[in-house]
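Chains as they are written, first to last, in our numbering: chain E, 1 to 285; chain A, 286 to 570.
Notes to accompany the following structure.
Number of protein chains: 2
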Amino acid sequence: MNVLEKIVTSVNNFSKSERKVADVILANPQTTIHSSIAALAKMADVSEPTVNRFCRRLDTKGFPDFKLHLAQSLANGTPYVNRHVEEEDGPEAYTAKIFESTMAALDTARQRVDINTVNRAVDVLTQAKKISFFGLGASASVAHDAQNKFFRFNVPVVCFDDIVMQRMSAINSAEGDVVVCISHTGRTKNLCDIAAIARENDATVIGITAYDSPLAKECTLVLSLDVPEDTDMYMPMASRVAQLVLIDILATGFTLRRGTKFRENLKKVKDSLRGSRFDKKDFNN
Amino acid sequence: MNVLEKIVTSVNNFSKSERKVADVILANPQTTIHSSIAALAKMADVSEPTVNRFCRRLDTKGFPDFKLHLAQSLANGTPYVNRHVEEEDGPEAYTAKIFESTMAALDTARQRVDINTVNRAVDVLTQAKKISFFGLGASASVAHDAQNKFFRFNVPVVCFDDIVMQRMSAINSAEGDVVVCISHTGRTKNLCDIAAIARENDATVIGITAYDSPLAKECTLVLSLDVPEDTDMYMPMASRVAQLVLIDILATGFTLRRGTKFRENLKKVKDSLRGSRFDKKDFNN
DNA sequence: CATATAATGTAATTTAATTACAGAATGCGT
DNA sequence: ACGCATTCTGTAATTAAATTACATTATATG
């Protein structure tokens, strides 16, 4: 059992002063591990030996050893939870909450993503004659990002956030072409149309969207990411981050499938940017 | 970054004796956390101050503090470490690695982000007459995403990924305008120019970029996110996700600052999308 | 090869934690 | 309710640990 739980469960075996110590530790565990025994004693308004005895009661060798155990408990515990932002949150609170809920969302996505489908999607992408990324609204920037990545692979790749262009592009697609449709809800009518049109023209359609949505029904392959979203904010946040990570995964799978020699190309692409940048070394001096 | 990783990555910066210490610790990390500095010094066959200096080099306060960090590293059971994708990884391996290193990056970002600066950035944004988001390459999609978010707030917001447009826009900026420049490296020459021009025209320039970079120097306010990136892939991945989350944070801060009534507006914006979507209920039946 | 710089160790000092002990509080039997 | 025993808690002394200051040695540079 980790020390924190142990404190909670054995709270009844504590003496009055020891309980004071327990309260202080439970209230600020993070502070505790960076405090000296003297500081903690003062916070709990008890003497130093009391703190020491408290540590021994929890089967640790002494105060420093207790801090070690506590540090480990903290590292294990509080794995990212999806805490919602609230009206009265200050900058510290909402910053932490957003980071944490994003991480929680990624954790969920990781568990839910179907590796098999990922692998098939990579298959399809590596064999594509042309790759198109379509998204609307918030998903448009995900599509742009995907384009930026796949463009480096020196394959024909397009990206449109204009439904007319998307439509034209979809109508012109042919066998061997891959169309990737991105939509969190999977209920965007226009995008469903695009997917249908692309399929009618023999393109393979990959959907990065919700499982069992109208869009999903139109796709050859569905990469679903059912991540929890804080709808109170009325903005897609975590879901879109998960989409981006999925794009990263597809891009990575693509480069791996293509082998080592191909990776050298990527380096060339990256190196080509050097002229547009300030030199790292020059700047450091 | 957790201490264990840090030891591995910075092994080159160590002196001969320090490396001896590193070797001993990496060989028996579990023993280390229960040893005194004297015992460890003896194991590594160096003096006690050398061990202490070793700890300081890893940005810990001293030996006890180092042990605390080490304990936490070990406790984590390496949940979200920045594991690099390797040539022979299968779909399962690279999918897991990318999710994990992204989460690790977010965790790092969360710890490094300066809440004070976030708060000031939110201040500036809420008072802006006009907000512009500029980015190039991979950062362009982050800029687009930011536009998509802030556009909902019914404030004048523009976003350009074309340097000529960016330049014109920057020249036309005036006091009260806010320009947000996004660049992971902070060394993109064109963007540095834009930042300088905007500042010359009395705009407030917020940089979402690397600390201490040329771009950072041109900014009024710098939100730095020094997240570890797997450069073997030659693509910005984790860094860009962190940027997006930061955008989410700024957007959230903005809405909170504006109060409850303002949030109702957001709902309206979201509801306005309903016409473009298949109804959720209809579909579920 | 001489000199400057960095690295390492020794010894002194400081800080922190523990122990020993004494006084106070609490419980229990009469 | 009173006295004794037991447990709890704090003070002060002691011990252990870590850090600092300084001296020495090694390494690099012109």
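We put the beta carbon where it would ideally sit given N, CA and C, even for glycine.
Quantities reported herein were computed from a predicted structural model and do not represent experimental measurements.
Burial of L68(E) is indicated by the presence of at least 16 other C-beta atoms within 10 angstroms of its C-beta. Take the alpha-carbon of V442(A) and the one of T537(A): they are about 16 Å apart. Under the 8 Å criterion on CB atoms, N297(A) is classed as non-interfacial with respect to chain E. In the three-state reduction of the DSSP assignment, I37(E) falls in the helix class, which pools H, G and I. If you check the CB distance, T126(E) and E372(A) do not come in under 8 Å. Remark: C-beta atoms of H144(E) and A425(A) approach each other more closely than 8 Å. Between V440(A) and I493(A), the alpha-carbon positions lie close to 20 Å from each other.
Distance between D23(E) and D59(E), taken at the CA atoms: about 18 Å. Taking one beta carbon from each stretch, the region 99-115 of chain E and the region 382-395 of chain A have 3 or more pairs nearer than 8 Å; the two touch.
When the beta-carbon positions are compared, I416(A) and F435(A) come within less than 8 Å of each other. Under the DSSP assignment, S468(A) falls in the beta strand (DSSP E) whose first and last residues are D462 to S468. Here V205(E) is buried, its C-beta having at least 16 other C-beta atoms within 10 Å. Contact annotation for L256(E) against chain A: V370, E372, D374 and Y379 [CB-CB distance below 8 Å, chain order]. Out of I383(A), S295(A) and I532(A), the CA that lies nearest to the CA of A523(A) is found in I383(A). Of all C-beta pairs linking the region 111-130 of chain E to the region 398-409 of chain A, fewer than three are shorter than 8 Å, placing the two stretches out of contact.
Put simply, of V179(E), K42(E) and A44(E) the residue whose alpha carbon is nearest the alpha carbon of V124(E) is V179(E). The residue from L355(A), P513(A) and E503(A) with its alpha-carbon nearest to that of N486(A) is E503(A).
Separation of F351(A) and A483(A) (C-alpha to C-alpha, rounded to the nearest whole angstrom) is 45 Å. Using a CB distance below 9 Å, the part of the region 136-169 of chain E facing chain A consists of L136, G137, A138, A140, S141, V142, A143, H144, D145, A146, Q147, N148, K149, R152 and D161, ordered along the chain. Spatial neighbours of V245(E) in its own chain (CB-CB distance under 8 Å, excluding positions within 5 residues in sequence) are listed in chain order as L106 and A109. Looking at the backbone, the Cα of A242(E) and that of Q451(A) are separated by about 29 Å. Residue state for F339(A) is assigned as helix, using DSSP reduced to three classes. S498(A) is classed as buried because its beta carbon has at least 16 other beta carbons within 10 Å across all chains shown.
Only those residues of the region 48-61 of chain E whose C-beta falls short of 7 Å from the nearest C-beta of chain A would be listed, and there are none. Annotated three-state conformation of G538(A) is helix, per DSSP. At a Cβ-Cβ threshold of 8 Å, G422(A) and N148(E) count as neighbours. Below the 8 Å Cβ cutoff, chain E contributes P91 and T95 as neighbours of V403(A), in chain order.
Look at L68(E): its C-beta is under 8 Å from a C-beta on chain A.
Within the region 98-171 of chain E, the runs of beta strand (DSSP E) that reach at least 3 residues and sit entirely inside it are, in chain order, 130-135 and 157-160. Take the alpha-carbon of L4(E) and the one of M520(A): they are about 41 Å apart. Check the Cα spacing between N337(A) and each of D330(A), F348(A), M328(A) and V331(A): the tightest is with F348(A). Excluding the 5 residues flanking it on each side, Y211(E) has same chain C-beta neighbours closer than 7 Å at V222, S224 and D226, in chain order. Excluding its 5 nearest sequence neighbours in each direction, A481(A) has C-beta neighbours in its own chain below 8 Å: E503, listed in chain order. As computed with DSSP, R562(A) is found in a beta bridge with T188(E). Cβ-Cβ separation between H469(A) and R525(A): approximately 7 Å, consistent with a contact (criterion under 8 Å).
Within the same chain, Cβ atoms closer than 6 Å to the Cβ of I163(E) are found at N190, the five residues on either side in sequence being excluded.
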